[in-house]
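Under our numbering, the residue at position 174 of the sequence shown is numbered 790, and the numbers go up by one with no gaps. Don't be surprised by glycine CBs; every beta carbon is placed ideally from N, CA and C.
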Amino acid sequence: MLSPVSGRAGSLFLHRPFFLFFAARTLTKFCFQIGAVAVGWQVYALTSRALDLGLVGLAQFVPMALLVFVAGHAADRFDRRRVVQIAQTIAAGVAAFLAWGSFAGWLTVPEIFAAVAVLGVVTAFESPALAAMLPGVVPEGMVQRGTALSSAAFQVATIAGPAIGGIAYGVGPTVPYAIMAVLWLAAGLLSGAIRLQRQVAAKEPPTLAALFAGVGFVRGNPAILGTISLDLFAVLLGGVTALLPIYARDILSTGPWGLGLLRGAPAVGALLMATALARYPIRRRVGMRMFQAVIVFGAATVVFALSHWLWLSMLALATLGAADMISVVIRVSLVQLRTPDAMRGRVGAVNYLFINASSQLGEFESGVAAALLGAVPAATLGGIGTILVALLWMKLFPTLRDVERLE
């Protein structure tokens, strides 16, 4: 039975399926943030080679990219709760492996890379299934609020997770992995306890056409194609994360503490906006609001690019994070609500691939542009490019621009 839920965001936590979903998703996000710090520090401590830090990201990204469409089909073909639960349980086993290897002293860098690759496989299967579950764990009319709350939890993990990982690693390299194993195991138990009101009925044979049906569905729906591609190009052009060390040292004349403040500022802005959206969801002209948010994202990027004051740079980054959160909540809600339940896993896989590609390629693009033009021109042109993309997409995707309501 569904518990009675009012229209307030906080009341969603009284709705058992959403509470379990929220708790499981939050725990797994904390695990990844803790693991990013622990693995990076341990690999660098063992090899002292910067290249190996890049290979850690590659080891996780490659299996994810190769398997994401298979994972999306699995999310539509099988019980999504079980897909998520199995993925989280395997992740707990990987964390336990890393903890035991660190404690016993036999863990090597190739073994860490292998463990990270398994976590990439886990991510490929867990993420589309989790995303597809969201509409089934919230009451009717509360998808946008549920998305905002879930996004807020991600931002909390982004802010607090690395700090927890660093402190735990300071106690000993075994500790962060042990924490991750416990949290992932708890997440798996919570996921298995979810009772979905709407069960998946689709049992398509695993053909190539079925495997890539999500791509065809996205291409045939202008509003979904527009919102996913808009996010891709906005992050690709406007991402400045890779340039923050340059800005901290060479332009803002600050140290590692200043870099930490800069890296945390977008997450703080995003968290505040997610909290606001959970309480006051966007009711009208949501398509136009998304385009406006992307334009603000680009303008804030330009302000950051030209700033020579730490406080202004932090304010610009917080504004950038808040604007991005508006776009994220609208995009995720729109994609979920306009996709049939039987297709949500495969469409979620396409969306997830676009998001990861934009983040990875965006950092690469920023680095290349900064090497060729300098950090300030590269960031400035990226922000201007984001604004131009938003204006162009408004013309190319009028269906998306004219979306009035989400639910």
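| Check | Outcome |
| --- | --- |
| Smallest Cα separation from P1020: which of L926, P956, G903 and V945? | This sequence places Glu at residue 1020; Pro is not what is there. Per the Cα distances, G903. |
| Can you tell me which of A784, I911 and G836 puts its alpha carbon nearest to the alpha carbon of V951? | G836 |
| Please classify V754: does DSSP put it in a helix, a strand, or coil? | coil |
| Do the CB positions of A995 and A921 come within less than 9 Å of each other? | yes |
| Taking the alpha-carbon of L969 as reference, which of D847, A932 and P956 has the nearest alpha-carbon? | D847 |
| Using alpha carbons as the reference points, say which of W927, K1011, E742 and V945 lies closest to A690. | E742 |
| Assuming P778 and V653 make a contact with CB atoms under 8 Å, what is their CB distance in whole Å? | 5 Å |
| Out of L928, L931, W722 and V945, which one is the CA nearest neighbour of A909? | V945 |
| Taking all protein chains shown into account, do 16 or more other C-beta atoms lie within 10 angstroms of the C-beta of S869, making it buried, or fewer, making it exposed? | exposed |
| Using only alpha-carbon positions, find the residue among I775, F719 and T857 that is nearest to V791. | F719 |
| Need the endpoints of the alpha helix (DSSP H) that A916 sits in, please. | V902 to L922 |
| With distance defined between alpha-carbon atoms, name the residue in V834, M959 and D866 nearest to H924. | D866 |
| Nearest to V918 by CA position, among Q704, T1002 and L888, is which residue? | T1002 |
| Among T763, I706, G998 and A773, whose alpha-carbon lies nearest the alpha-carbon of T739? | I706 |
| Please classify I702 as buried or exposed, where buried requires at least 16 neighbouring CB atoms within 10 angstroms. | buried |
| In angstroms with no decimal places, state the Cα-to-Cα distance between I844 and L723. | 40 Å |
| Let me check understanding here. Comparing Cα to Cα, which of A939, D1018 and G656 lies closest to F851? | For the sequence presented, residue 851 should be read as Val rather than Phe. Minimum Cα distance to V851 is reached at A939. |
| Once you ignore the five residues that flank A864 on each side, which residues in its own chain have a CB closer than 7 Å to its CB? | T870, G874, L875 and L878 |
| On the criterion of 16 or more Cβ atoms from any shown chain inside 10 Å, does D692 qualify as buried, or is it exposed? | buried |
| Along the chain, where does the alpha helix (DSSP H) containing L1007 start, and where does it finish? | A991 to L1012 |
| In this structure, how does DSSP classify V621 when only helix, strand and coil are distinguished? | Since pLDDT at V621 reaches only 48, below the 50 mark, its modelled position is unreliable, and the value read off the structure follows with that caveat. V621 falls in the coil class under three-state DSSP. |
| Let me check understanding here. Comparing Cα to Cα, which of V686, L933, R697 and I775 lies closest to G830? | V686 |
| Helix, strand or coil: how does DSSP classify V856 here? | coil |
| Taking the alpha helix (DSSP H) that P956 belongs to, which residues open and close that run? | Segment: none, P956 is in no alpha helix (DSSP H) and carries neither H nor E. |
| Helix, strand or coil for W716, going by three-state DSSP, please let me know. | helix |
| Give the straight-line distance between the Cα atoms of L931 and R1017, rounded to the nearest whole angstrom. | 28 Å |
| Just the C-alpha distance for A1024 and A764, rounded to the nearest angstrom, thanks. | For the chain, the structure presents residues 617 to 1023; residue 1024 sits outside this window and is missing. |
| Looking at V963: is its Cβ nearer than 9 Å to the Cβ of V834? | yes |
| If V753 sits next to F637, beta carbons under 8 Å apart, how far is it from one beta carbon to the other, in whole angstroms? | 4 Å |
| Could you please give the first and the last residue of the uninterrupted alpha helix (DSSP H) stretch that includes G836? | It is not in any alpha helix (DSSP H) - G836 carries neither H nor E in the DSSP assignment. |
| Are A986 and L806 closer than 9 Å when you measure CB to CB? | no |
| Measuring straight from C-alpha to C-alpha, what distance separates P620 and L801? | Residue confidence is low: P620 scores 45 on pLDDT, short of 50, so the model does not pin down where it sits. Its coordinate-derived value is still stated next. Using only the alpha carbons, I get a separation of about 29 Å. |
| Identify which residue in L933, W927 and F635 has its Cα closest to the Cα of V912. | L933 |
| Taking G914 and G855 to be in contact with their CB atoms under 8 Å, please state how far apart those CB atoms are, rounded to whole angstroms. | Not confirmed; about 11 Å, so no contact. |
| Report the three-state DSSP secondary structure of H631 (helix, strand or coil). | coil |
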